[in-house]
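Chemist:
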Amino acid sequence: MIPQQFVHTIEEVDTVVIRFAGDSGDGMQLVGDQFTSTSALMGDDVATLPDYPSEIRAPAGTIGGVSGYQVCFGTSDVFTPGDSLDFLVAMNPAALRANMPFLKRGATIILNEDAFIARNVEKAGYTADPLTTDELANFRVLRVPMVKATQEALGAAGLSAKQVDRCKNFFALGLSYWLFNRDVKQTQRWIIKKFGNKPDVLEANQRAFEAGLQYGKDGKLVERTYATRAKVTPRGAGVYRQISGNTATAYGLLAAARRANLPLFLGSYPITPATDIMQVLQQNREFCNVLQAEDEIAGIGSAIGAAFGGALAATSTSGPGFSLKTEFINLAVMTELPLVIVDVQRAGPSTGLPTKTEQSDLLQALFGRHGESPLAVVSASSPRDCFDATIEAARIALKYMTPVVLLTDGYLGNGSEVWRVPELDELPVLKTHLVTNPEGFKPYTRDPETLARPWAAVGTPGLEHRIGGLEKEDGSGNISHSPANHQRMTDLRAAKIEKITQDIAPTEVYGDPNAPVLVLGWGSTRGVIEQAIGHLNKAGVPVAGAHLRHLNPLPPDLKALMQRYKRVLLPEINSGQLAYHLRGKYLIDIEQFNKVEGQPFRADEIEAKIRSMPEIKG
Amino acid sequence: MIPQQFVHTIEEVDTVVIRFAGDSGDGMQLVGDQFTSTSALMGDDVATLPDYPSEIRAPAGTIGGVSGYQVCFGTSDVFTPGDSLDFLVAMNPAALRANMPFLKRGATIILNEDAFIARNVEKAGYTADPLTTDELANFRVLRVPMVKATQEALGAAGLSAKQVDRCKNFFALGLSYWLFNRDVKQTQRWIIKKFGNKPDVLEANQRAFEAGLQYGKDGKLVERTYATRAKVTPRGAGVYRQISGNTATAYGLLAAARRANLPLFLGSYPITPATDIMQVLQQNREFCNVLQAEDEIAGIGSAIGAAFGGALAATSTSGPGFSLKTEFINLAVMTELPLVIVDVQRAGPSTGLPTKTEQSDLLQALFGRHGESPLAVVSASSPRDCFDATIEAARIALKYMTPVVLLTDGYLGNGSEVWRVPELDELPVLKTHLVTNPEGFKPYTRDPETLARPWAAVGTPGLEHRIGGLEKEDGSGNISHSPANHQRMTDLRAAKIEKITQDIAPTEVYGDPNAPVLVLGWGSTRGVIEQAIGHLNKAGVPVAGAHLRHLNPLPPDLKALMQRYKRVLLPEINSGQLAYHLRGKYLIDIEQFNKVEGQPFRADEIEAKIRSMPEIKG
Amino acid sequence: MTVVPTNNLGLKRQDFLSTIDPKWCAGCGCYSVLRWLTGTFPTMGLPREKFAVISGIGCSSRTPYYVDTYGFHTVHGRAMTVATGLKLSRPDLSVWVMTGDGDALSIGGNHFIHMIRRNPNIKVILFNNQIYGLTKGQASPTTAKGKKTKSTPYGSIDPPIRPLSMAIAAGATFAARVADTDGQLMADVLQQAADHRGAAFVEVLLNCVIFNDGTFSHLTEKAVKQDTTVLLRDKEPLIFGNAKDRIVTIDGFRPQVQAHVPGGPLPQNALIHDVSVEDSSLAFLLSNMEHPDLPVPVGVFRRVEQTVYDDHYAPKGGDLTRVFRGSDAWVEDAAGHISLLGAQAAPASAA
Amino acid sequence: MTVVPTNNLGLKRQDFLSTIDPKWCAGCGCYSVLRWLTGTFPTMGLPREKFAVISGIGCSSRTPYYVDTYGFHTVHGRAMTVATGLKLSRPDLSVWVMTGDGDALSIGGNHFIHMIRRNPNIKVILFNNQIYGLTKGQASPTTAKGKKTKSTPYGSIDPPIRPLSMAIAAGATFAARVADTDGQLMADVLQQAADHRGAAFVEVLLNCVIFNDGTFSHLTEKAVKQDTTVLLRDKEPLIFGNAKDRIVTIDGFRPQVQAHVPGGPLPQNALIHDVSVEDSSLAFLLSNMEHPDLPVPVGVFRRVEQTVYDDHYAPKGGDLTRVFRGSDAWVEDAAGHISLLGAQAAPASAA
Ligand SMILES: Cc1ncc(C[n+]2csc(CCOP(=O)(O)OP(=O)(O)O)c2C)c(N)n1
Ligand SMILES: Cc1ncc(C[n+]2csc(CCOP(=O)(O)OP(=O)(O)O)c2C)c(N)n1
Ligand code: SF4
Ligand code: SF4
Ligand SMILES: [Mg+2]
Ligand SMILES: [Mg+2]
């Protein structure tokens, strides 16, 4: 697996966490992306965390403008993009300064030393050049004149200084490939494909990339390079790719529609960090109808219209847009139409921190509508799991004729990992309540098993009927002001959602089943919790874990499961929303562990928290 | 108190529940209103429940088109409009049929027998004329040819048949005045004022009214009339009037603004049953600025703008409109501006039952926003209490620089009772955090007592600053993406709302303080719960009651209070929203008592529920 | 794929009336729209199930209940969004939106504009009674200035919106106006709307007998309507008046009324209507014409052909697995050996 | 009460710049607006605290942070509502809205229309870059048909909205257009907007160097702009071209371009601009003029006087107790004796 051309000492490693950081304009996302797909293609597991600056371009060279791409790659146990950095590639002082808090003690910093000039140092907010102070004393610092080296390599290419400067990311990439013994072919090919129609840029980037590699080979950086160990247990036969959570969600919708044999309709409006879901589907217009609506209200409204017409309908958004959909979600509840509402949660309230992640829309998903308005809520636990979670959301929507809120978040949506691409026939067939028989048809009769009403899509002969937001008479669906009927319908709507519990598999417990503590999680915390528990179990600390996909209704076995443990710990990237919900439902006290910093948990934080619990300390 | 002109036997009564019911076009609301204000003016306590048909005019004569006005009047303990009817005035078969379920056994029904013709009987959905069956066997039925009698009285007036028919409500009113020995002067005066500019209509209505009185005096109805007993304890010196909840809310806003020395701004959009709040303020434009906005979003947006400019700002709506305000409420949370959001709850979800009442927006008020977004929630417990509750909402908003949701409901908003009109100087002075001193000013510093930020109204020299929905740096209010700062601000926003507990008086317990059961209530259930407890206590059943005004934060003594009782019963016109909240907060189990029929609880339902509890039955 | 009239199915107006009795007030203009709407449907050669009548909230928005087709009484102001989603997903349907002046122009103004500009093959009938009927009489965006309503006790202060001006500015390809009382014109206009390929907007001047009675009587009463309105005819001058003795002329951009000898020669500056001129300025000018200075135009203001939005929506399906694999997938065998997938495995050479 | 210029306070442009460095991309057209906006404020004779700059969400909506006045960065699409509430409550302030094409015309379209039609004394600057800048490059309602963006990988299919047409249809009393590159005109237009009593709407054609670079270069580049745009001057013909050798004429309602001899006689059918004609049809026609058939007009399209909405808002206060008592209150004494209050106690007689 190690290409022949490298002849330095090679150290085998399990996993490495590296972050490429530079100015917004420095092309770090590209570098990270290439590094990651190459690693994945070499058989490594990968998990990534792109970290954009705030929404708008900050002046070059400032902390606000730093863009980073973190990737954890390796051959075992890559659940997360990593807690802290083994390696940092810093293209300028601001990138260095912004990432100091994330460095492991003793980490390696590869600096673009050419950027460490007085003006940049100052812009980054340093009072003195960190290369001249003891600021970096605890780290291994490798200084590389990336700009000069790139210039040298490109000398004859006849590009402007600015254009040359733009190539330095490929130099950094080449150097990193050398350092980690990455396979260069895929990237070489990619460069050709990407820049093929601009020959001068193509050549410049190729040269810069080669120069980076050569810089390493020439021994100018270090003697020792790294390579990931060969995989002990292969991933299994199949087709694989790297996938982000948002792309997985979009594909999940495509897959669900196909497996339900329905057309797919998405009504959406751009919003960070959910926009990609819409954009991915827009790129695949042969497979679906996508409306970029005038706002989020129109987005869901159009989806409800499509659902009335017999489509698998969805709308995708994030916090502020989710709030705007409130009224229309209620119409979907009342008309009992199938609908998938994807909320890629971000840090709130209000505009909040649009590029940062959070799990704080759970209670809104559960209760954020006027009246008694129950619906189903499911969550995704990793980028690739977004695919499965989306199919599950669609399955519930179609089987129970209900809107379903799918909660993902910015961390999942933007993060990526390796995904085994399923064959379509591996995926579940989704059943619908589409009806065509006019015999005895009434729009609000109920299927006894699911309590779902029949789905008479517009266009079906003989099933003409009217629906709307006013209370309906049980059975006929006519408007009814009867008090008793309102009670009955309120109860039926709730009972239907409760019925979903019949489909929920027993909650899977991992780790030490006899432990005193159960760590419960939901959504994007799965990776870190699993990693923490794995670590602790290895270290002999008894702790168990369980992760929830279904948040409404909750798994029917959850109460009993929780009662089996002395204490339940619940880490959430909010102020304790699921904990509150579980207390309200089950009257069981829960140990909350909350963090509202717009950042995912780190596994070590969870580990430390578990270790500190009296039930564990003994 | 009994006018001289009546000479029949008079039976003294404590309280009477009567309902005037007829077709939408029959003027029943007017009749009920006159009857009520006259009764109030005679010293009776009154409580009313107008009950409109569904939003739109139904064909005349059908059940759907019945409009009713129920009033309970009397000299003691009028907490509610009454559980069931002592008297029903029914203008047509549909009005009779629709109200059968509400009649007490042995109740008196005064029928407009002229309307009991085959067509009307059929339209009402009767298969046979109820006057010819034994359908009414358990009631005292008084048949009055109201149309004919009115025609006779108006014989010479030269009005069209239709116009004459329109006067029959005044005939019914006159007859009722005779039956209950009501003072006629006020209504005579009112008729002159109302119809003074249409002399023929004026005369017709006057004649119809007198004819109704005379019909009674002539002994054509019954021998015995009724009068309410003289009051034992007078109401106390003061100015009184009858007031509806919505009017009281509007007045509460006017009063709060005056006592805070601020201009008042209301941004609103019409919606049943909240429209009146806007309309009452629009009638008083010398005292406030009211914008009928293009929608509910613009309604709250304009209010937030006014708050930025230093006004006491409010927005009023009901369920669907409340849902639409979700996103903007979050902006108010983030910018920490004072704002009163009135939600006159109605039966949901979606369009639901627009003219029916419910308490089902509580969880939405508490949690229905993306992100961690705490705000204060208060509720009103009776029509006149809307005035005080509104002032309390404004007080909290101004003192803690926060949006406050005020929950009333359709029952409170449309219902009315006697209100002692306060003098302005009896009302609390509301303090604000308005600042003018540029010395050391920063928009997000905090008052240590309240954690409120300073309120620098636009226009104040030297305090120019920028606010918005992005996360703010603690103190400076600048945009901040710092993780630690986000956590700090999240905590501060929550802590500020918690601070409000310092202002909450100890929860008042009434009834038997040593009872095993505490009946907790919130919002509009106060009247019925108090009545039920009063009854039971009198009957020797030990039960205590407490009613919550503050729903977020909850009273600090509530947990301890609840723990003092064997069992806490919580009646709610929803599926158990406060119960869920209390369980989640306090891990205390609660006996729920829920009703989701679009109707208020009746006191007897609550009484029966309490009696059925094992803790009471022993 | 778009609405293809199948054949004459022998459906009559009655077949399009549902069993629910309309719950509008006696005398309400809504009855008239219902009548002519259900009169238009049978002419379209489509079976009942192919119709969807979508509405928001308001008296006017109750219409779907009374039409025996598919119907959706959605939420206030948002009918156009639901209609758009339905139409894009199901271009085979005939989708009709029933809306009010508050529903379409107050809370729903934005969806109105955006639907119109996209030009899907959806028909919109706006019941303009210049009032909020259902909520019992508040001012709407079309309420006349100075008008006293429940929410404007001192008279309305908002300059009213002209629905047709908005529609035309938003790019309406079909825009028309008709009074509820004018059955013949309503039939004609609805027919043209039905036949139009693209979004068709029809404003109905509608009487709310309860909360705004007579607001259009100066335009609808027999005695005066010939003098206060002018029927637009394509390529013809705007001649009106009981005796056809007045004509609209144009001076610069100022329309004016001049005396006209019936049958006599046209003044040189006579305004000649043209429904299909591409630039919408003429239609806009007509939409600005108001009583009492000018006669109020009724009939079709604008009817042009443009790309129909739903024509863009035609997913064909295909090989999803290819999509899922994207361009960077690889194959692993059971032993963990990795190879690239298909085309990507091409040799890396360009230099 | 409205904005009364106090006196010249000696404030300079610099005094209106906050200490926060603008975070727009280098070369972004937003800088230009900021520059001329802060250049206009000092001319208004108002102290800094009397200004409020309100925005929605978008790159353009960051402007308030860079202006040293009161500022409110609200939520996406809703700035107009916040501005309206502020202005009605505080007519003494000078309120400016900064918005984008997505902010004002996509999600915020309805508030835009309603603010414009009410005509409060609020100034609106729409930064029209024909793209969603902040969210990194999706199509906006003004994006040209066929344009490839992140959200329209196959080219945009939506016919674009013309912001000025919408504003004019909504009844704008002041409407203007200027390119970000034309400092002089921007200064002039903003000055006129500031001086206008009522709602003033200014569309700025603005370059987003990152996601839509050059979208207006055919209108802004030195070499061509004389040929592709025409500066509107009140009561003057529309003469343009580098050599002033072309003129816009009008045939019916069809504007056309004709050759023109500079200084020579005007053709009879030359289109003469008139900013203050009450009927908005001329302004509307101008707003419809588009490249390449016609020169794109810049400058002031419309400026008319109408009632200013905030003039209606002037509560005077008074005796609240009277209000609370209403017309049916009564007095009770401690013994429970009841008497009517004041006027109501008049004797009941009319018959
Ligand atoms: C979100 C929301 N806001 C307000 C309402 C209350 N409402 C129902 S219909 C209506 C206006 C009706 O006016 P219009 O659209 O003109 O219809 P009309 O009744 O006059 O036909 C309003 C404000 C509502 N149902 N939902
Ligand atoms: C409710 C809501 N929906 C969506 C967004 C995401 N969003 C932010 S700005 C923007 C559009 C920006 O475009 P434009 O208004 O043209 O401003 P520009 O950045 O181009 O100046 C969008 C969709 C949001 N912040 N809030
Ligand atoms: S209230 Fe007006 S619009 Fe509504 S049904 Fe009655 S007449 Fe028609
Ligand atoms: S993305 Fe475009 S609009 Fe936004 S700051 Fe950059 S250049 Fe300006
Ligand atoms: Mg209307
Ligand atoms: Mg833009």
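For the protein sequence lines, the chains are A, B, C and D, in the order given. By my numbering, the letter at position 569 of the first sequence is numbered 569, and the numbering carries on one by one without gaps. By my numbering, the letter at position 309 of the second sequence is numbered 309, and the numbering carries on one by one without gaps. By my numbering, the letter at position 12 of the third sequence is numbered 12, and the numbering carries on one by one without gaps. By my numbering, the letter at position 126 of the fourth sequence is numbered 126, and the numbering carries on one by one without gaps. Ideal Cβ placement from N, Cα and C applies to all residues, glycine included.
1) Please tell me whether, using a cut-off of 7 Å, the distance from the CB of Asn129 of chain C to the nearest non-hydrogen atom of ligand 1 is below it.
2) Pick helix, strand or coil for Val224 of chain C, following the three-state DSSP scheme.
3) Between the segment 195–206 of chain C and the segment 255–263 of chain C, can you find at least three pairs of beta-carbon atoms closer than 8 Å?
4) Under the criterion of a Cβ to heavy atom distance below 7 Å, does Ile109 of chain A qualify as lining ligand 4?
5) Report yes if the C-beta of Ile271 of chain B is less than 7 Å from at least one heavy atom of ligand 1; otherwise report no.
6) Would Ser416 of chain A and Arg526 of chain A be called neighbours here (beta carbons separated by less than 8 Å)?
7) Who sits around ligand 4, taking every residue whose Cβ is closer than 5 Å to one of its heavy atoms?
8) Would you list the one or two residues that DSSP bridges to Val31 of chain A?
9) Just to confirm my understanding: we take Gln344 of chain C, look at its own chain, exclude 5 residues before and 5 after, and list those with CB closer than 6 Å. What are they?
10) Could you have a look at Val78 of chain B and say whether DSSP puts it in helix, strand or coil?
11) Closest Cβ-Cβ distance between Ile122 of chain D and chain C: below 8 Å?
12) Quick check: Met401 of chain A and His370 of chain A, are their CB atoms within less than 8 Å of each other?
13) Beta strand (DSSP E) containing Val300 of chain D: first to last residue?
14) Looking at C-alpha atoms only, which residue of B:Leu111, B:Pro483, B:Phe20, B:Pro571 is the closest neighbour of Pro130 of chain B?
15) Using the DSSP secondary-structure output, state which residues sit across from Gln353 of chain C in a beta bridge.
16) If you pair each beta-carbon of the segment 491–509 of chain B with each one of the segment 578–594 of chain B, do three or more pairs fall below 8 Å?
17) Could you compute how far the alpha carbon of Ala603 of chain A sits from the alpha carbon of Leu363 of chain A?
18) For Lys609 of chain B, which residues of its own chain have a beta-carbon under 8 Å away from its beta-carbon, when the five flanking residues on both sides are left out?
19) For Arg78 of chain D, decide whether its Cβ has a neighbour in chain C, counting only Cβ atoms nearer than 8 Å.
20) Of the residues A:Glu135, A:Asn330, A:Asp33, which one's Cα is nearest the Cα of Gly106 of chain A?
21) Can you round the beta-carbon distance between Val230 of chain D and Pro295 of chain D to whole angstroms, since I take them to be within the 8 Å contact cut?
22) Have a look at C:His114, C:Thr152, C:Asn242, C:Ile122 and flag the residue whose alpha-carbon is nearest the alpha-carbon of Ala223 of chain C.
23) If you measure from the beta carbon of Leu353 of chain B to each beta carbon in chain A, is any gap under 8 Å?
24) State the Cα-Cα distance for the pair Pro438 of chain B and Val404 of chain B, rounded to the nearest angstrom.
25) Nearest to Leu331 of chain A by alpha carbon, out of B:Met334, B:Leu324, B:Leu331?
26) I'd like the list of long-range same chain contacts for Ile2 of chain B, defined as Cβ closer than 6 Å, with 5 residues on each side in sequence excluded.
Modeler: Based on what the coordinates show:
1) yes
2) helix
3) no
4) no
5) yes
6) no
7) D:Trp24, D:Cys25, D:Cys28, D:Cys59, D:Gly133, D:Cys208, D:Val209, D:Ile210
8) Beta-bridge pairing links Val31 of chain A to no other residue.
9) Confidence in Gln344 of chain C is poor, its pLDDT being 49 and thus under 50, which makes the residue's placement too unreliable to answer from.
10) coil
11) no
12) no
13) 296–303
14) B:Leu111
15) Past the boundaries of the shown model lies residue 353 of chain C; chain C is included only from 1 to 351, so the question cannot be answered.
16) no
17) 25 Å
18) Excluding positions up to five away in sequence, the list reads Leu569, Pro571, Phe593.
19) no
20) Looking from the CA of Gly106 of chain A, the closest CA among A:Glu135, A:Asn330, A:Asp33 belongs to A:Glu135.
21) 4 Å
22) The shortest C-alpha separation from Ala223 of chain C is found at C:Asn242.
23) Chain A, which has a Cβ nearer than 8 Å to the Cβ of Leu353 of chain B, makes this yes.
24) Rounded to whole angstroms, the gap between the alpha carbons of Pro438 of chain B and Val404 of chain B is 28 Å.
25) B:Leu324
26) Note that Ile2 of chain B has pLDDT 45, beneath the 50 cutoff, so the model's placement of it is unreliable and no number is given.
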